[in-house]
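Encoded as structure tokens, the structure appears first; notes follow it.
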Amino acid sequence: MNSIASAHGVTHPAQPGWWNPGLRQELLQLARQPRLLVACDYDGTLAAIVPDHRSVRPVPESVAALRLLASLPETTTAVISGRALRELAAMSRLPSEIHLIGSHGSEFDIGFVHALDEPTRALHARIVSALDKITGSAPGVLLEIKPASVAVHVRQAEPQVAEQVLAKVASGPAGWEGVQVTRGNAVTELSVVRTDKGEALEVLRHMCGATATIFLGDDLSAEEVFTKLAGPDLGIKVGAGRTMASYRIADSIAVAEVLSFLADERRAWLFGGQPVPIERLSMLGNGLSLALVTPDARICWQCSPGPASASIFADLLGGPPAGHFSVSPERDCLPLGQRYVPGTMTLETRWPGLLVTDYLDHHTDQHRTDLIRVVSGSAKAFVEFAPRPEFGQVAVRLQPVAEGLAVMGTSDPMVLRSPGIKWSITSDGPHESARAIVEPRPDRPVVLELRCGTGDLAAHPLPEPQRRARSGLYWSQWAASLNLPAVEPGQVTRSALTLRALCHSGTGAILAAATTSLPEAIGGIRNWDYRHCWLRDAALTAQALVSLGSAAEAAAYLGWVHRVLSSVQSPERLHPVYALDGGSSGSEAVIDTLPGYAGSRPVRVGNLADQQVQLDVFGPIVELIEALATHRGHLEEADWNLVVAMCEGVARRWREPDHGIWEERMAPRHHVYSKVMCWVAVDRALRMAESYGRSADSAWPVLRDAIAQDVLDGGWKDEVKAFTAAYDGTDLDAASLHIGLTGLLDPADDRFQATVSAVEAELRHGRTVYRYRRDDALPGAEGGFHLCTTWLIEAYVLTGRLAEAEDLFTQFIDTVGPTGLLPEEYDPIAERSLGNHPQAYSHLGLIRCARLLDAAGGTGLPRPTALEVAPIHIRNV
Numbered sequence: 000m001n002s003i004a005s006a007h008g009v010t011h012p013a014q015p016g017w018w019n020p021g022l023r024q025e026l027l028q029l030a031r032q033p034r035l036l037v038a039c040d041y042d043g044t045l046a047a048i049v050p051d052h053r054s055v056r057p058v059p060e061s062v063a064a065l066r067l068l069a070s071l072p073e074t075t076t077a078v079i080s081g082r083a084l085r086e087l088a089a090m091s092r093l094p095s096e097i098h099l100i101g102s103h104g105s106e107f108d109i110g111f112v113h114a115l116d117e118p119t120r121a122l123h124a125r126i127v128s129a130l131d132k133i134t135g136s137a138p139g140v141l142l143e144i145k146p147a148s149v150a151v152h153v154r155q156a157e158p159q160v161a162e163q164v165l166a167k168v169a170s171g172p173a174g175w176e177g178v179q180v181t182r183g184n185a186v187t188e189l190s191v192v193r194t195d196k197g198e199a200l201e202v203l204r205h206m207c208g209a210t211a212t213i214f215l216g217d218d219l220s221a222e223e224v225f226t227k228l229a230g231p232d233l234g235i236k237v238g239a240g241r242t243m244a245s246y247r248i249a250d251s252i253a254v255a256e257v258l259s260f261l262a263d264e265r266r267a268w269l270f271g272g273q274p275v276p277i278e279r280l281s282m283l284g285n286g287l288s289l290a291l292v293t294p295d296a297r298i299c300w301q302c303s304p305g306p307a308s309a310s311i312f313a314d315l316l317g318g319p320p321a322g323h324f325s326v327s328p329e330r331d332c333l334p335l336g337q338r339y340v341p342g343t344m345t346l347e348t349r350w351p352g353l354l355v356t357d358y359l360d361h362h363t364d365q366h367r368t369d370l371i372r373v374v375s376g377s378a379k380a381f382v383e384f385a386p387r388p389e390f391g392q393v394a395v396r397l398q399p400v401a402e403g404l405a406v407m408g409t410s411d412p413m414v415l416r417s418p419g420i421k422w423s424i425t426s427d428g429p430h431e432s433a434r435a436i437v438e439p440r441p442d443r444p445v446v447l448e449l450r451c452g453t454g455d456l457a458a459h460p461l462p463e464p465q466r467r468a469r470s471g472l473y474w475s476q477w478a479a480s481l482n483l484p485a486v487e488p489g490q491v492t493r494s495a496l497t498l499r500a501l502c503h504s505g506t507g508a509i510l511a512a513a514t515t516s517l518p519e520a521i522g523g524i525r526n527w528d529y530r531h532c533w534l535r536d537a538a539l540t541a542q543a544l545v546s547l548g549s550a551a552e553a554a555a556y557l558g559w560v561h562r563v564l565s566s567v568q569s570p571e572r573l574h575p576v577y578a579l580d581g582g583s584s585g586s587e588a589v590i591d592t593l594p595g596y597a598g599s600r601p602v603r604v605g606n607l608a609d610q611q612v613q614l615d616v617f618g619p620i621v622e623l624i625e626a627l628a629t630h631r632g633h634l635e636e637a638d639w640n641l642v643v644a645m646c647e648g649v650a651r652r653w654r655e656p657d658h659g660i661w662e663e664r665m666a667p668r669h670h671v672y673s674k675v676m677c678w679v680a681v682d683r684a685l686r687m688a689e690s691y692g693r694s695a696d697s698a699w700p701v702l703r704d705a706i707a708q709d710v711l712d713g714g715w716k717d718e719v720k721a722f723t724a725a726y727d728g729t730d731l732d733a734a735s736l737h738i739g740l741t742g743l744l745d746p747a748d749d750r751f752q753a754t755v756s757a758v759e760a761e762l763r764h765g766r767t768v769y770r771y772r773r774d775d776a777l778p779g780a781e782g783g784f785h786l787c788t789t790w791l792i793e794a795y796v797l798t799g800r801l802a803e804a805e806d807l808f809t810q811f812i813d814t815v816g817p818t819g820l821l822p823e824e825y826d827p828i829a830e831r832s833l834g835n836h837p838q839a840y841s842h843l844g845l846i847r848c849a850r851l852l853d854a855a856g857g858t859g860l861p862r863p864t865a866l867e868v869a870p871i872h873i874r875n876v
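For the sequence shown, position 305 (counting from the first letter as 1) is numbered 304 according to numbering that gives the first Met the number 0, and the numbering increases by one without interruption.
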């Protein structure tokens, strides 16, 4: 058997056969590379060898596969041939998206054609003349003249003639100074410039920034390429002969099979199958960790050790290769339904004869997460456990041990307790997965416990039913304590539970959402990481919970804000967003090994908003403190000190432009919403000073009036009859509705009424409202923003348009997922949800609307006497 030498100097046999498992595994790994270069030879590889070298045509299936590969994002295809570039193009008829490189790498189709100087042209002419004399009378020998070389083809000559001709070439012009010789199958080529397919490949690799390359070739010149391959690269030899390639396949038909397989796998990896609609995902939570579950009980998203850490399951953003934990019936069938156990974060997924119950144990140490999956019923179930730590970038080995599996190769310990289960371990290269068939009994369910942060596989001191009941009670007791509106009380409860699950009990911070990079447009780049604590979002979330009667989350969050403020020492230096521990949210990075939800790239971690100026953050924090003081009946000294600090920040910075609530990556503007929120901070501070006997700064009343007048003068535009997004333009923005929602302007004022009408006309589309329609310097579109929809509902109520408010609220509720969760946005054209999920903004907006409609007597339901709705305070200007 022919041998090859690896990049490490180890000689081993080239593995034959297209169906070789090792080759298929290598191709699967290549298909998942961030940027892939696919290149191959022409004669003998893309096309079969035939006697007449002028009649060689590529295998149609190979052309189709190369065309498909070339059409995929971050994928470059090329054919590197010994033929002259013009001849290669004419003969192959390959589409323009496939790069062609001729003359063994000396002729590029992309501007790299060598310009020959006079001495080189003279040498080329001498070679042509000499070879013409050698081959002129030799039957079956063909001379191919190229721009920088001459090839002697002897495939059609008798063996003795071929041998004599090649010997004369070798002893003659092949030995001249300045001539480079390349020998192939029945061909010798003499070139007057350096020709090297390996060098050509390196040029291509550099141009496209490939992270991995595959090359398929059949003759000796292909070895020039194989010697350049290293790391994740793959070389495949076509046909017989010694080679440096790792694998061997038989012929051009096998090449077509390889390319087709690679094209299908790469397309599947980049775009996935039909993704689960975002709103159909359900969330598990315990106050420290979060996980997302598909309607068929697949854990598709979980990060460890915390919700903003790297993922261990990222199927949501990369398909099954990115990690998942699945339970399904052995006999394939659709689930009958999925629901939360009422008032809890315990999720049930049901099939005929099978029930899967999922929850995160609330009563564990802070460093540890226990995800518990209970499989009950009478039907057999198939379980697959495929952890992929660090977004799949860390190799994983699964070691069967007593009572379960140990996950090897992770920085933090991780085990799966699964006593009595016989696991089958499979490998896809760097990662291993475990599969098993389990058979629950009516009196003995199967319990699977994924324990992150510990290597302990011992039985828990409490039986599983008690653990489940205890965790459920933590949520249900809290939910039962809420003061619910009569409008959509069940949905308000689920929204409140969702918001509480986004509250990080270890720090007091509140996440904006549970995920990163769920797209604002399918296939687009508007994919952001929301697993951090935005000062504004968190304050609004805590305020929504206070409005339902729960103050603990607000108190914990304000404690977190105090700690953050003490670290920056000056309120005007506050950043818009922080990590959950109060530190920097980190630089924004791209995980290019994940293709994204439905092919929406890039997948980002971290958020550049950390570096922006957003002056609206002061208002929501002060407004939260007022709501909390109203709930308690008194104002804490520490909270008043925070109010003073926020007003100091406003006084110093309110006249500056900023990036605004939408964090546009453009030059700062004087945003109306930001100015209004600065006004809110000072106005609410003055109200609290009066209500709780605090000493207000004498400059605050003047400051409040100055901000209000500035907004009224700079924000209103007669030409559009509305308050606009910013002082310098006429573009509308739903956030500008807050000029009336906050009471800076009386909602009965004609200017606010006109603004509501303008927003409705330009930004509302059916059941949703867009943030704005302006060019924000990012490509692509986005969906309507759920929070903006709730703002318009509030504006309808305040302007006396109750019937329209009720109608839009009903349409808004129709976008809620089957288990009661809402992401960030909604596409009214495609009728699908978009953005990170579940989103705090969307749920707090729902709660605000339900309470406001209830207070206004909307939806035809009686108003509950126990609910006190916070009044809207109006400033007469």
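Each residue gets a CB set at the ideal place from its N, CA and C atoms; glycine is no exception.
Using a C-beta cut-off of 8 Å, the stretch 167-174 makes contact with the stretch 123-142, since at least three inter-stretch Cβ pairs fall below that distance. A405 is positioned such that its CB atom lies closer than 8 Å to that of G454. Take G765, set aside five residues on each side of it, and the residues of its chain with a beta-carbon closer than 6 Å to its own are P827, in chain order. With a beta-carbon spacing of about 20 Å, T76 and A83 fall beyond the 8 Å limit used to define contacts. By the Cβ test, the stretch 322-336 is in contact with the stretch 372-382, since at least three Cβ pairs between them sit closer than 8 Å. In the DSSP assignment, G234 falls within the unbroken beta strand (DSSP E) covering L233 to V237. Counting along the chain, the unbroken beta strand (DSSP E) around H152 starts and ends at S148 to H152. Contact between R499 and A550 is ruled out by a C-beta separation of about 12 Å, above the 8 Å threshold.
Take the alpha-carbon of G856 and the one of T798: they are about 14 Å apart. Residue pairing from DSSP places S423 in a beta bridge opposite R434. Taking C-beta atoms as the reference points, V621 and A680 count as a pair closer than 8 Å.
Around the beta carbon of N285, 16 or more other beta carbons lie within 10 angstroms, which makes this residue buried.
Note on D331: under 16 other CB atoms within 10 angstroms of its CB, so exposed under the neighbour-count rule.
At least 8 Å separates the beta-carbon of G648 from that of Q613. With a beta-carbon spacing of about 52 Å, A457 and F214 fall beyond the 8 Å limit used to define contacts. Contact between the stretch 659-668 and the stretch 635-643 is absent, with fewer than three C-beta pairs closer than 8 Å. By the C-beta density criterion, T506 is buried, having at least 16 other C-beta atoms within 10 angstroms.
Per the C-alpha coordinates, the member of E823, L852 and S432 positioned closest to E805 is L852. Residue environment: D717 is assigned as exposed (fewer than 16 neighbouring CB atoms within 10 Å of its CB, all protein chains considered). Rounded to the nearest whole angstrom, the CA to CA distance from G234 to S102 is 21 Å.
The Cβ neighbour count for I792, taken over all protein chains shown within 10 Å, is at least 16; the residue is labelled buried. Nearest neighbour of R53 by Cα position, chosen from Q155, S599 and Y596, turns out to be Q155. Between S426 and the set Q398, R450 and P412, the nearest pair of CA atoms involves Q398.
Between S251 and A64, the C-beta gap is not smaller than 8 Å, which leaves the two residues out of contact.
Within the model, the alpha-carbon separation for L623 versus P460 is close to 41 Å.
If you draw a straight line from the Cα of R703 to the Cα of V491, it comes to about 34 Å. Buried is the label assigned to V486, since at least 16 other Cβ atoms lie within 10 Å of its Cβ. Judged by beta-carbon spacing, L843 lies within the 8 Å limit of A543, meaning their Cβ atoms are closer than that value. Between the alpha carbons of G713 and A725 lies a gap of roughly 8 Å.
Taking 8 Å as the cut-off, the Cβ atoms of V237 and G43 count as close.
Secondary structure of Y769 (DSSP, three-state): coil.
In the three-state reduction of the DSSP assignment, S566 falls in the helix class. Here H103 carries a helix assignment [DSSP, helix/strand/coil]. With contact defined as three or more Cβ pairs closer than 8 Å, the stretch 809-822 and the stretch 466-485 are not in contact. Selection L833, P778 and M413 evaluated against T767 yields L833 as nearest (Cα-Cα). D657 is classed as buried because its beta carbon has at least 16 other beta carbons within 10 Å across all chains shown.
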